[in-house]
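Single-structure report; data block below.
Printed below as a string of structure tokens:
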């Protein structure tokens, strides 16, 4: 298994300078979140994830709800070492011409990060991609496969991984999230 810096470097090598996966600029987003964002609200369970420092537990779930200001409240929950941990954030569509590309943050003092809904059918699965460049010196890729249930058919997950692969993203970094024995 490569060390963390090697792993991060290999994941980011194939990204274009603006952090979008190669070829994605020609991709028409099926996820019209501006028109259908209410259908995206509710619970999503993490099925696969690129390992990161802010999710280290099991039973990882996100709950999206609409705020009074029109933005989206993001409530993330996980169980780490038997203890429930929560993070509350906010997401919004920063560019109306790209309604599937949201900005999200979890503290008032942190900058917004990209949150790109690559694909979703709103009722079964969602494929998320994010990449951040830090002063042009380092880039960090993140990806999630989410489901409305604690499981997802392997054929659906494989198809979603194939979409990222087509954009030059190395999906071998995905690990499965443990959703066994989780509270409702």
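Numbering (the UniProt record's numbering), first residue to last: 1 to 184. Each residue gets a CB set at the ideal place from its N, CA and C atoms; glycine is no exception. Because the structure is a prediction, the values reported are computed rather than measured.
Are the beta-carbon atoms belonging to residue i and residue j less than 8 Å from one another?
i, j, result
"residue 142", "residue 75", "no"
"residue 58", "residue 179", "yes"
"residue 72", "residue 46", "no"
"residue 146", "residue 44", "yes"
"residue 65", "residue 41", "yes"
"residue 92", "residue 175", "no"
"residue 115", "residue 169", "no"
"residue 177", "residue 171", "no"
Can you tell me whether residue i is helix, strand or coil according to DSSP?
i, result
"residue 95", "coil"
"residue 148", "coil"
"residue 124", "coil"
"residue 171", "helix"
"residue 45", "strand"
"residue 40", "helix"
"residue 115", "strand"
If you follow the alpha helix (DSSP H) that residue i is in, where does it begin and where does it stop?
i, result
"residue 155", "154 to 166"
Between which two residues does the beta strand (DSSP E) holding residue i run?
i, result
"residue 77", "72 to 80"
"residue 62", "58 to 66"
"residue 103", "101 to 105"
Taking only the alpha-carbon atoms, compute the straight-line gap between residue i and residue j and give it to the nearest angstrom.
i, j, result
"residue 52", "residue 69", "30 Å"
"residue 55", "residue 136", "25 Å"
"residue 100", "residue 113", "14 Å"
"residue 155", "residue 111", "36 Å"
"residue 131", "residue 139", "7 Å"
"residue 87", "residue 125", "22 Å"
"residue 157", "residue 117", "15 Å"
"residue 62", "residue 133", "25 Å"
Considering only residues of the same chain and omitting the five flanking positions on each side of residue i, which have a CB-CB separation below 6 Å?
i, result
"residue 182", "59"
"residue 79", "57, 58, 59"
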